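**Q** Protein chains in written order, with my numbering: chain D, 172 to 325; chain P, 44 to 791.
Don't be surprised by glycine CBs; every beta carbon is placed ideally from N, CA and C.
Remember, predicted model here, so these are calculated numbers, not experimental data.
Sending over a structure as structure tokens; questions will come in a sec.
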Amino acid sequence: MPIRLRVNGKPETFGGDADMPLLWFLRDYLHLTGTKYGCGAGLCGACTVHVDGAALRSCSTPMSAVDGHSVTTIEGLADDALHRLQVAWIEDSVPQCGYCQPGQIMQAAALIQRYVGGTISDEDIDQGMFGNICRCGTYTRIRTAIRKAVQEGS
Amino acid sequence: MKKEQLPCSSRRQFIQTMAQGATFVVAVKLLPIAGLATADDLPGGRWRPDILLSLDGTGLVTFTCHRSEMGQKVRVSLAQVIADELEADWDRIRVEQADGDARYGDQNTDGSQSVRMNFARLRQVGATVRLALETAAATIWKVPVSECLANMHVVTHTPSGKTLAYGQLAEVAASLPLPAPDQAKLKSRDQWKYIGRTVTDGDLLPIVSGRTVFGFDVNLPGMRTALIARPPVLFGSVKSFDKSAAMKVGGVEHVLELPALAPPAAFKALGGVAVVATDAWSAIKGRRALDVQWAPSVNDDYDSGEFAASLLKMTDVPGNSVRNEGDVEAALSSGNRIVSATYYVPHLAQAPMEPPCATARFEDGKVEMWVCTQSPQAVQESVSGALGIKKEAVTVHVTALGGAFGRKAKADFAVEAAILAREVGHPVKVMWTREDDIQHGYYHTVSAQRFDAALDAGGRAIAWRQRAAFPSILTTFNPAAKVPIPPELRGFIDNPFDIPNMRMEVDGAGAHVRIGWLRSVTALFFGFGAQSFACELAVAAGRDPKDYLLELIGPPRNVDLGKEVAFDNYGDPIDTHPLDTARLRNVIEIAARRAQWGRKMTPGTGLGIAACRSFSSYVATVVEVEVRKDGSLLLPAVYMAIDAGTVVNPDHVRAQCEGGAVYGLSCALAQVTARNGAVVQSNFHDYPVARINDAPKVIDVHIVESDAPPAGVGEAPVPPFAPALCNAIHAATGRRIRVLPIDRKALA
Numbered sequence: 172m173p174i175r176l177r178v179n180g181k182p183e184t185f186g187g188d189a190d191m192p193l194l195w196f197l198r199d200y201l202h203l204t205g206t207k208y209g210c211g212a213g214l215c216g217a218c219t220v221h222v223d224g225a226a227l228r229s230c231s232t233p234m235s236a237v238d239g240h241s242v243t244t245i246e247g248l249a250d251d252a253l254h255r256l257q258v259a260w261i262e263d264s265v266p267q268c269g270y271c272q273p274g275q276i277m278q279a280a281a282l283i284q285r286y287v288g289g290t291i292s293d294e295d296i297d298q299g300m301f302g303n304i305c306r307c308g309t310y311t312r313i314r315t316a317i318r319k320a321v322q323e324g325s
Numbered sequence: 044m045k046k047e048q049l050p051c052s053s054r055r056q057f058i059q060t061m062a063q064g065a066t067f068v069v070a071v072k073l074l075p076i077a078g079l080a081t082a083d084d085l086p087g088g089r090w091r092p093d094i095l096l097s098l099d100g101t102g103l104v105t106f107t108c109h110r111s112e113m114g115q116k117v118r119v120s121l122a123q124v125i126a127d128e129l130e131a132d133w134d135r136i137r138v139e140q141a142d143g144d145a146r147y148g149d150q151n152t153d154g155s156q157s158v159r160m161n162f163a164r165l166r167q168v169g170a171t172v173r174l175a176l177e178t179a180a181a182t183i184w185k186v187p188v189s190e191c192l193a194n195m196h197v198v199t200h201t202p203s204g205k206t207l208a209y210g211q212l213a214e215v216a217a218s219l220p221l222p223a224p225d226q227a228k229l230k231s232r233d234q235w236k237y238i239g240r241t242v243t244d245g246d247l248l249p250i251v252s253g254r255t256v257f258g259f260d261v262n263l264p265g266m267r268t269a270l271i272a273r274p275p276v277l278f279g280s281v282k283s284f285d286k287s288a289a290m291k292v293g294g295v296e297h298v299l300e301l302p303a304l305a306p307p308a309a310f311k312a313l314g315g316v317a318v319v320a321t322d323a324w325s326a327i328k329g330r331r332a333l334d335v336q337w338a339p340s341v342n343d344d345y346d347s348g349e350f351a352a353s354l355l356k357m358t359d360v361p362g363n364s365v366r367n368e369g370d371v372e373a374a375l376s377s378g379n380r381i382v383s384a385t386y387y388v389p390h391l392a393q394a395p396m397e398p399p400c401a402t403a404r405f406e407d408g409k410v411e412m413w414v415c416t417q418s419p420q421a422v423q424e425s426v427s428g429a430l431g432i433k434k435e436a437v438t439v440h441v442t443a444l445g446g447a448f449g450r451k452a453k454a455d456f457a458v459e460a461a462i463l464a465r466e467v468g469h470p471v472k473v474m475w476t477r478e479d480d481i482q483h484g485y486y487h488t489v490s491a492q493r494f495d496a497a498l499d500a501g502g503r504a505i506a507w508r509q510r511a512a513f514p515s516i517l518t519t520f521n522p523a524a525k526v527p528i529p530p531e532l533r534g535f536i537d538n539p540f541d542i543p544n545m546r547m548e549v550d551g552a553g554a555h556v557r558i559g560w561l562r563s564v565t566a567l568f569f570g571f572g573a574q575s576f577a578c579e580l581a582v583a584a585g586r587d588p589k590d591y592l593l594e595l596i597g598p599p600r601n602v603d604l605g606k607e608v609a610f611d612n613y614g615d616p617i618d619t620h621p622l623d624t625a626r627l628r629n630v631i632e633i634a635a636r637r638a639q640w641g642r643k644m645t646p647g648t649g650l651g652i653a654a655c656r657s658f659s660s661y662v663a664t665v666v667e668v669e670v671r672k673d674g675s676l677l678l679p680a681v682y683m684a685i686d687a688g689t690v691v692n693p694d695h696v697r698a699q700c701e702g703g704a705v706y707g708l709s710c711a712l713a714q715v716t717a718r719n720g721a722v723v724q725s726n727f728h729d730y731p732v733a734r735i736n737d738a739p740k741v742i743d744v745h746i747v748e749s750d751a752p753p754a755g756v757g758e759a760p761v762p763p764f765a766p767a768l769c770n771a772i773h774a775a776t777g778r779r780i781r782v783l784p785i786d787r788k789a790l791a
């Protein structure tokens, strides 16, 4: 039986190796390359996507685990307009090289859901974002942009 | 309509124009020297003129950036420089990425050089094209060019108020001889619109939308994906391999042996066995199924711990003197108070978020490549060498780089892709996994340093002897090389301290892994050693570390190292980029003031300061640390002051300081070690780079206003970080850290 899932709202099927990580299905089969390879071991967060709204490391999530589930990638995070985090990321010039940033944004988007309209502390941000590595060192700007996006959600 | 433009008559000609329809295109040979190329200098006597700047009939200006983009925002800053002199509307500038091409001059995006080496030239190009547009308007209106003024994409005839937009001028401008470069007048600083300001960055939207194409994201019709099992030890080779299990993996099409690597390593492929598959996952599984036996290597005995001990031992005895002032030995043996210490910094991996990756297509004896490279011309050269084809037969498209930090200045991974593309007859993407990246890199060299200083009765330093021993980067290109070369002595030989007796000695050693550049290179460990030891002297003298550091630096002056000292000033003349202690003192005082240096600290917390001149920039860093009971480190704030001369984009400088602090922190937390010749670490679990919870809560950056020529910004913020942090840890705990990485458990 092929695996059936939705990616960015679109139905997809996959009949290959059910052990293949979701990351490679997105990148090699759907050519959604916004989701990045960084470590292959769930250590860096570059591959973060949403599965049924929760942030997950696609490099360590086999296709068998997403059968019947709904996946959102950076390409599908916002419809027409940008997500408030993407806006904040641009306003604060968060990205340097940009490679880890789709993963950072996807992680942050899941994190802020329960804070929007309120406030989020730096400790909460650090706790929510510590799994996402940025070698350019944009962490202080990531914190600022998340705080801003949370506040502007009110 | 295509019409070739006659070359302009000036012997100093550097620009040619060509009409391409209504497109006005300009090229300049970007030599790494201040002089402008003459027509005679051009390779083969002629060149394609559409390589730098074009203006079309709609007014769209296309700037082709010849330097690689890896997060330093070079595509924006170089465009700012040219747009300013061009009097262009920023919103009508498009940036394209240049292929590798010797006609650009130096494209190797390293050494924090892009703005430093291109600022003057790009201003001149912009100003020349501005004058060309004014001249075109004057021709159309039949008025003197002095009455025509370019401003924001429009030329105005000032007496009448008539205007013509740039797009309307393109065709006429292209039909006229281009003004000689010395005719164009550069704008004065107070006329700058973009230089010195923050501008919109068109690369941000694709990044946050996941649309930027990095090396990993290249996709060609019929492309295969390859992973390579490389020899675990440098110069190891394949003894035998069994490909049967790998070939059974669905999607795996080829398993083939690459040529063994013979010294020197240079930018050649490491060898090993490649698994070529239809897609990444098949290649990953195929490589796992592969059974390879490795033949012994000359480096099988390499143990980085033993090697560290041997390097430290080398510093017990005199090395090659590279700087000698006064009589250090006498001062060290005349009954003065002596302070001595040894320092050690391990191998480090650049570990960019995007590991190395290259895609190649081989057709009719030619290779077309898409590479996340810092140095497309190095790719051309290395691939041409490996395949025995001409450099011109290697086309290199430069993708966005997902970080680089020196790793992607090396072309080895591109060579692998080119070899495989030729072998299998399909386009091939070679992907490096994180394990490949950590275990088969070009590592930051290991270094040992020994410091001996003499203090007089008042605690003033009267002698400073510094010995350093480390394998040179040159060993990667010449295994017999034993002595580090002048560019590796920066931050050491140019120590600006005002001490009457100074002696610097250096020794080399053979390397057993590939040694390569890592962000800030040797300035990293020289800065760590010297700025930590300076604090040790302050403590020994019972003085405030900041005041003592200023005293060590001495009065404001340009340090004259003398002719016998082989100081390589980052490629710049010492007159334009002097060793200016006034600027060094200034950044120290600013950072200290912003940190409220001297404030009362609670137990377990401390402030530390360090300051380095590197890449001709002056950076002072104050770190505030809290050492918690479990030894973990909290960084409530970091205060940085930078004097980088003229700044093109202050937000870029701020970002590089923030990122440089975090990179410096990572350099103090992680290490690469080797056992039995093979690298022990493999991924982020055992190469623990800084995460958001490690990062400073606040990074305060002050940029000094300066009219001095631009200096390097990408690397200079890194060297002062680790010593400032370790000086802060000392202030907080009394513990002196002389060996990196910081052993946080030992601080508990």
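What is the rounded straight-line gap between the Cα of phenylalanine 520/P and the Cα of valine 365/P?
**A** 23 Å
**Q** Considering just the uninterrupted stretch of the alpha helix (DSSP H) at proline 679/P, what are its terminal residues?
**A** Premise fails: proline 679/P lies in the beta strand (DSSP E), 676-686, not in any alpha helix (DSSP H).
**Q** How is the beta strand (DSSP E) around glutamine 336/P delimited, first residue to last?
**A** 334-338
**Q** Going by other Cβ atoms of all chains shown within 10 Å of its Cβ, with 16 needed for buried, is serine 203/P buried or exposed?
**A** So serine 203/P counts as exposed.
**Q** Since glutamate 758/P and serine 659/P are thought to touch, with beta carbons under 8 Å apart, how far apart are those beta carbons, to the nearest angstrom?
**A** No, glutamate 758/P and serine 659/P are not in contact; Cβ-Cβ is about 11 Å, not under 8 Å.
**Q** Can you find at least 3 beta carbon pairs, one from the region 230-240 of chain D and one from the region 203-216 of chain D, that sit closer than 8 Å?
**A** yes
**Q** Let's test the definition: count the other Cβ atoms within 10 Å of the Cβ of glutamine 284/D and tell me whether it reaches 16, buried, or not, exposed.
**A** exposed
**Q** Which residue wins for smallest C-alpha separation from valine 242/D, given the options Gly289/D, Gly299/D, Leu193/D, Asp263/D?
**A** The shortest Cα separation from valine 242/D among Gly289/D, Gly299/D, Leu193/D, Asp263/D belongs to Leu193/D.
**Q** Per DSSP, which one or two residues make a beta bridge with leucine 592/P?
**A** Answer by DSSP bridge pairing: none, since leucine 592/P is not bridged.
**Q** In terms of residues, what are the limits of the alpha helix (DSSP H) holding isoleucine 746/P?
**A** Run containing isoleucine 746/P: none in the alpha helix (DSSP H); it sits in the beta strand (DSSP E), 742-746.
**Q** Could you check whether the region 708-724 of chain P touches the region 740-750 of chain P, counting it as contact only if at least three pairs of C-beta atoms, one from each stretch, sit closer than 8 Å?
**A** no
**Q** Do alanine 308/P and arginine 718/P have their C-beta atoms closer together than 8 Å?
**A** no
**Q** Is lysine 311/P helix, strand or coil when you go by DSSP?
**A** coil
**Q** Applying the 10 Å Cβ sphere with the 16-neighbour rule, what's the burial state of proline 92/P?
**A** Caution applies to proline 92/P, whose pLDDT of 34 falls short of 50 and renders its modelled position unreliable; the model cannot decide the point.
**Q** Flag this pair as touching only if the region 432-442 of chain P and the region 471-480 of chain P have three or more C-beta atom pairs under 8 Å; answer yes or no.
**A** no
**Q** Which first and last residues belong to the beta strand (DSSP E) in which threonine 152/P is found?
**A** Threonine 152/P -> no beta strand (DSSP E), and no H or E assigned at all.
**Q** Taking DSSP's pairing of strands, which residues face proline 233/D in a bridge?
**A** Pro192/D
**Q** Tell me which residue opens and which closes the alpha helix (DSSP H) that threonine 776/P is part of.
**A** 764-776
**Q** Tell me the residue span of the beta strand (DSSP E) that contains serine 377/P.
**A** Here serine 377/P belongs to no beta strand (DSSP E), and DSSP marks it neither H nor E.
**Q** What residue ranges within the region 155-237 of chain P form continuous alpha helix (DSSP H) runs of no fewer than 4 residues, ordered along the chain?
**A** 157-184, 209-218
**Q** Determine the extent of the alpha helix (DSSP H) in which serine 425/P is found, giving its start and end residues.
**A** Start and end: 419-430.
**Q** Would alanine 638/P and tyrosine 591/P be called neighbours here (beta carbons separated by less than 8 Å)?
**A** no
**Q** With DSSP as the reference, please indicate the residues paired to glutamine 492/P in a beta bridge.
**A** Tyr386/P, Ala511/P
**Q** If the criterion is Cβ atoms closer than 8 Å, does the pair tyrosine 730/P and alanine 392/P meet it?
**A** Contact flag set, yes.
**Q** Can you list, in chain order, the residues of its chain with a C-beta nearer than 6 Å to that of proline 264/P? Leave out the 5 residues immediately preceding and following it.
**A** none
**Q** Run through the DSSP bridge pairs and tell me what threonine 268/P is partnered with.
**A** Paired residue(s): Ala320/P, Lys472/P.
**Q** Considering only residues of the region 536-610 of chain P, which uninterrupted alpha helix (DSSP H) runs meet the minimum length of 4 residues and lie entirely inside it, listed in chain order?
**A** 566-584, 588-596
**Q** My understanding is that proline 784/P touches alanine 704/P, with C-beta atoms under 8 Å, so please give their C-beta distance in whole angstroms.
**A** Contact flag wrong, Cβ pair sits at about 16 Å.
**Q** Does the beta-carbon of valine 360/P have 16 or more other beta-carbons within 10 angstroms, so that it is buried, or is it exposed?
**A** exposed
**Q** Over what stretch of residues does the alpha helix (DSSP H) that includes arginine 318/D continue unbroken?
**A** 310-323
**Q** Count Cβ pairs between the region 344-353 of chain P and the region 536-546 of chain P that sit closer than 8 Å; are there 3 or more?
**A** no
**Q** Can you tell me the Cα-Cα spacing of valine 222/D and glutamine 482/P, whole angstroms?
**A** 32 Å
**Q** Alpha carbon to alpha carbon, what distance is there between aspartate 144/P and arginine 166/P?
**A** Distance between the alpha carbons of arginine 166/P and aspartate 144/P: 21 Å.
**Q** Please decide whether isoleucine 174/D counts as near chain P, where near means a Cβ-Cβ distance under 8 Å.
**A** no
**Q** Using C-beta distances below 7 Å, list every residue in its chain close to glycine 186/D, excluding the 5 sequence neighbours before and after it, in chain order.
**A** Pro173
**Q** Just to check my reading of the structure: valine 281/P and methionine 290/P have Cβ atoms closer than 8 Å, yes? What is that Cβ distance to the nearest angstrom?
**A** 16 Å between Cβ atoms; not a contact.
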